[in-house]
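Residue numbers (the numbering used here), protein chains in the order written: chain A, 755 to 1542; chain B, 139 to 307.
Report on the following structure.
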Amino acid sequence: MSVTEERTSGGNGFVGRRLKRKEDPRLITGRATYVEDLTLPGTLYAAVVRSPEAHARITSIDASAAAERAGIEAVFTGEDLADMAAPCPMVWVPPGVEVHVPEHWPLARGKVGYVGQAVAVILGGDKYGVVDAAEDVVVEYDALPVVVDPEAALEPGAPVIHEQFGTNKVFEWSLAGGDVDAALAEADVVLERRIVNHRTAGAAIEPRGAMAEWREGRLTLWSSTQIPHIARVILSIQLGISEEKIRVVAPEVGGGFGSKLQVYGEEVLVAWCARKTGKPVKWTATRSDDMLTTHHGRDQIDDVRIGAKRDGTLTGIHVKVIQDCGSYHLIEGPVIPTFTSCVISGAYDFPAVRTDIVGVFTNKFTTDAIRGAGRPEATHLIEVCMDQLADELGMDALELRRKNFITEFPNERPHGFVYDSGNYHGTLDRCLEMLDLEAFRSEQAELRQRGVYRGVGFSTYVEICGLGPSRALGPDGWGMQGGYFESAQVRVLPTGTVMAYTGTSPHGQGLETSFAQIVADRLGLDPEAVEVIHGDTNTGPFGKDTYGSRSLAVGGEAIARAAEKVQDKAKRIVAHKLEAAPEDIEVAEGAFRVKGSPDKSLTLADVATEAYIPGDLPEGMEAGLDEISFYDPTNFVWPFGAHACVTEVDVETGRVEILRWIAVDDCGPAINPMLIEGQVHGGVVHGIGQALFEQIVYDEHGQLVTGSFVDYAVPTAAEIPSFETDRTETRSPTNSLGVKGVGEAGTIAATPAIVNSVIDALRPLGVTYLDMPLTPMRVWNAIQEARR
Amino acid sequence: MSSKVPIRLSVNGRVRELDVEPRLLLVHLLRDQLGLTGTHVGCDTSNCGACTVHLDGEAVKSCTVLAVQADGTKVTTIEGLAHGDELHPLQEAFWEDHALQCGYCTPGMIMAAADLLARNPDPSEEEIRHGLEGNLCRCTGYHNIVKAVQDAAEVMHGSAVADRQEVSV
Ligand code: FES
Ligand code: FES
């Protein structure tokens, strides 16, 4: 069995091909190792006692009965963790903006602010036994008034969740460019909409989990995380352990979608417990734990105003965002709506833009990055409002879009962001070609005669990813306390095969394959001879992990650059051996050869022999063939595309069925087109989930109503159509590969296409606007109301 | 802890005799006591299907079966699906069609699909989608999973194999 479609002698030409994934054999045979598959001798299992109250003072904890149970090793509460050096950090410190950051400890200290907050931990040798013991912990609470609605939380007289701030406001900040007030004043039409973008979950099928070992003053943490490198820094800070004594490993990770772009209290807690007890400690979330305490996403209320001239020329957009932050922050929650503001201009040439953001504490769990992180919210409001505005102007919605598409690149937007490259007409043209809009419209009209309601909706999105330039995101830019480069190391082994280390931490994206393709082409190898290593802080250089569709555009570029450094050195060795100039050496057909004399060549294995048995290297050259690159991009990358969704609405029941989905995306030249399609399929279904089925619901007491997969409706195969996908390729000038990201694009694009489609279907019945999720009940109610 | 109960079952063709707690779930027996960690746990409400195995040839969610209920049965897990180095046609098709990303749902998905094809060797797209309704995948959007099941069905029918042989003759 070969990973490659057809065996070649190696060499150029692997980039761009649909190679089967190198990671799959272990995954399809059940031989992969996820955190929960690891156990060390003497492992203690941890069970966490969680608060049933949304807002309360803890008056007492009696764990004596639990501690006395057979097989229980220890019980710890917040008080026992007094030696912890620092609370869970939040790394967004925007210059000149005050952000309220309450202390958030792995186990509550004196007070709880959400249902599910960890209060105590039980350790014991039996998985089931610790759960039994957790039931025996008696915690007394003094309940406090609860506030779950972010707007109510901002009202005077609302219960204040963190008294020290005197308000539930977390922060307020704006990103703007151009004169929005003037732009709206000079508009002929100002569209106003209030859009509720509800709370959702990442819902990776592998729940969170972590195992820690403390041995001879050194800590190892295995965690189901997207960010092992960042986690090491944070563990060092929180536990007061010197960084080089800590190793963090992300083994096989069963999906993340942003929900594992986090350092959770339990990860720090098992590490603390392992040090305290001297034994390995392992914790695995149940699905209920996961729904309660794996960060949620979205939860914005967007008040939108868009100005336009009669002819459809857009004059400005102003959005007021209320972001529900939950009651405590994790590493970067409050910055998420900033990503909404980055792309608030959408694909359109708005001369003036303004986003005013208010973050609010409520007695719910933390919101933070979930697939798209702020950009799905932006795309949703813009793309829904483009349809709404077209309706108000009596214009065709696609004509309105085309009239305002940005066509010149690079394009500096009024708020300072520079769109790198694009061809928005191009993706829309291809999308329409695949859809055959005319045929659809006549079929739609015909079906309506028979009481069948079908609609088509579009989304012509642009997004920002490839995080990111450190200068833009870092302490002096937006105020993230970190750098956003990526690292890579390409090491040729003595026999001429390669280990390629990446600082990214994939968990399903297929980077072991796509990065191998990049290296293989540069070194004249078959991708099978390239092993891509990731997810372990003790191998390879310090990295910045996986999120924000950055792996390829930043990490892949770093891999390419490291491979090119190796190639340069190899060329010098080959030139020396073959008595040619380094500039005259090329990599082709699996060898380094002299241009014009293909019979004069050496393979990488020959070069490796020279490098590692250095008898005859060029003057002054060091031995070895092993190079590192740190790549910090100069700009973000801006993928874009056009999606169309055809739905049919059963007007008797309100049920929405998706009949067709056409996705034309542009993320630059493909490294492996098959992987891109996979990301688009999965991304779109994540968006379909939010648009039709999924919603995190809390009741007025702050109780989570959707605490399992029974109530939180992740789409199944039965609700999803097959996809019609295509791509255009517009290079990004930002990196040498020309690539943009695609991990989040589908999710960012999807929701407005569905909503626009359903509104299109129901417009003859008088339905003109709908908020998500489009549950049968909501749709049916809208139909009834419109009929009245 | 209640006293243990002896059970005897065959797992991937090997007979196992163990003493288990009456409340032990089959999935934990397989994972923790037999070291077969290819069977995963994704939920606590029998919704996700990550734990799907075959019990006497039929797909079951092993998080919903007690180990004692498996006494006297034949269990097949993902580790027992391939014949030595020769992958099952579904495993091949999942690989070929990029029907997995993080791989966490994959063992359960493949076991559920194998059961589906055993009952319905030539399913329509609709039948595949409904047949796999009990298995959640958050990564792939199902498109390639459906394709892989169709492709595997074709191979298992033998038609694809025969076609290929004809071409190569
Ligand atoms: S673990 Fe989810 S159905 Fe068994
Ligand atoms: S491949 Fe990740 S859940 Fe299915």
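From the three backbone atoms N, C-alpha and C, an ideal C-beta is built for every residue, glycine too.
Looking from the CA of A/I1474, the closest CA among B/P144, B/Y280, B/K285 belongs to B/Y280. Ranking A/A1144, A/K1354, A/A1307, A/V1468 by CA distance to the CA of A/S1490 puts A/A1307 first. Among the bridge pairs identified by DSSP, A/F1394 is matched with A/V1216, A/D1420. Contacts with chain B at 8 angstroms (Cβ-Cβ) do not include A/P1034. Ranking B/R146, B/I266, B/T190, B/Q288 by CA distance to the CA of A/A1471 puts B/I266 first.
Any Cβ of chain A closer than 8 angstroms to the Cβ of B/T183 would place that residue at the interface, and such an atom is present. Remark: C-beta atoms of A/L973 and A/K999 approach each other more closely than 8 angstroms.
With fewer than 16 other Cβ atoms inside 10 Å of its own Cβ, B/Q171 counts as exposed.
Distances between the C-beta of B/R267 and the heavy atoms of ligand 2 are all 7 angstroms or more. By the Cβ-count criterion, A/K1494 is buried, with 16 or more other Cβ atoms from all chains shown falling within 10 Å of its own Cβ. Per DSSP, reduced to three states, the secondary structure at B/L167 is helical.
Around the beta carbon of A/K1033, a 10 Å sphere encloses 16 or more other beta carbons of the protein chains shown; the residue is thus reported as buried.
Taking the beta carbon of B/V284 as reference, the chain A residues within 8 angstroms of it are A1471, S1476, listed in sequence order. Among the residues of chain A, those whose CB is under 7 angstroms from the CB of B/P245 are G784, following chain order. For A/Y868 and A/E807, the gap between their C-alpha atoms comes out near 7 angstroms.
Around the C-beta of A/P1164, fewer than 16 other C-beta atoms lie within 10 Å, and the residue is accordingly described as exposed. From the listed residues A/A897, A/P961, A/A862, the smallest Cα separation to A/F1463 is found for A/P961. If you look at A/L989, you'll find it in the alpha helix (DSSP H) that goes 982–993.
Counting along the chain, no alpha helix (DSSP H) covers A/P1372, and no H or E run does either. Only R169, D170, L174, T175, G176, T177, H178, V179, G180, C181, D182, T183, N185, C186, A188 from the region 167–201 of chain B bring a Cβ to less than 8 angstroms from some Cβ of chain A. Sequence-distant partners of A/P1423 (beyond 5 residues in either direction) whose C-beta falls short of 6 angstroms from its own C-beta, in its chain, are E1483, G1492. Proximity annotation: ligand 1 has residues B/V179, B/G180, B/C181, B/S184, B/N185, B/C186, B/G187, B/A188, B/C189, B/K199, B/C201 in chain order, each selected because its CB is closer than 6 angstroms to a heavy atom of the ligand.
Contact annotation: in the region 949–968 of chain A, residues whose CB is within less than 9 angstroms of a CB in chain B are G956, A957, A958, I959, E960, P961.
Relative to the Cα of A/V1512, the nearest Cα in the group A/T1048, A/G1209, A/V987, A/G1100 belongs to A/G1209. The C-beta of A/Q1271 has 16 or more other C-beta atoms within 10 Å across all chains shown, which makes the residue buried. Against chain A, the CB of B/T214 has no partner CB under 8 angstroms away; the residue lies outside that interface. Taking C-alpha positions only, A/S1099 is separated from A/D1057 by approximately 15 angstroms. In this structure, the CA atom of A/V1002 is about 22 angstroms from the CA atom of A/I1313. Every alpha helix (DSSP H) stretch that sits fully inside the region 788–868 of chain A and reaches 4 residues is listed by chain position as 818–822. By the Cβ rule, the region 1353–1372 of chain A does not count as touching the region 1430–1446 of chain A, because fewer than three pairs are nearer than 8 angstroms.
Residues of the region 266–281 of chain B that bring their beta carbon within less than 9 angstroms of a beta carbon in chain A comprise I266, R267, H268, G269, L270, E271, G272, N273, L274, C275, R276, C277, T278, G279, Y280, H281, in sequence order. Residues of the region 1255–1267 of chain A whose Cβ lies closer than 8 angstroms to any Cβ of chain B, in chain order: H1261, G1262, Q1263, G1264. Residue burial is scored here from C-beta neighbours: A/E1406 has fewer than 16 other C-beta atoms within 10 angstroms and is therefore classed as exposed. Between the region 1413–1420 of chain A and the region 1385–1404 of chain A, the count of C-beta pairs closer than 8 angstroms reaches three or more; the two stretches touch. Under the Cβ criterion of 8 angstroms, B/Q229 is counted among the residues facing chain A.
In the displayed model, A/W1232 falls within coil according to three-state DSSP, outside both helix and strand.
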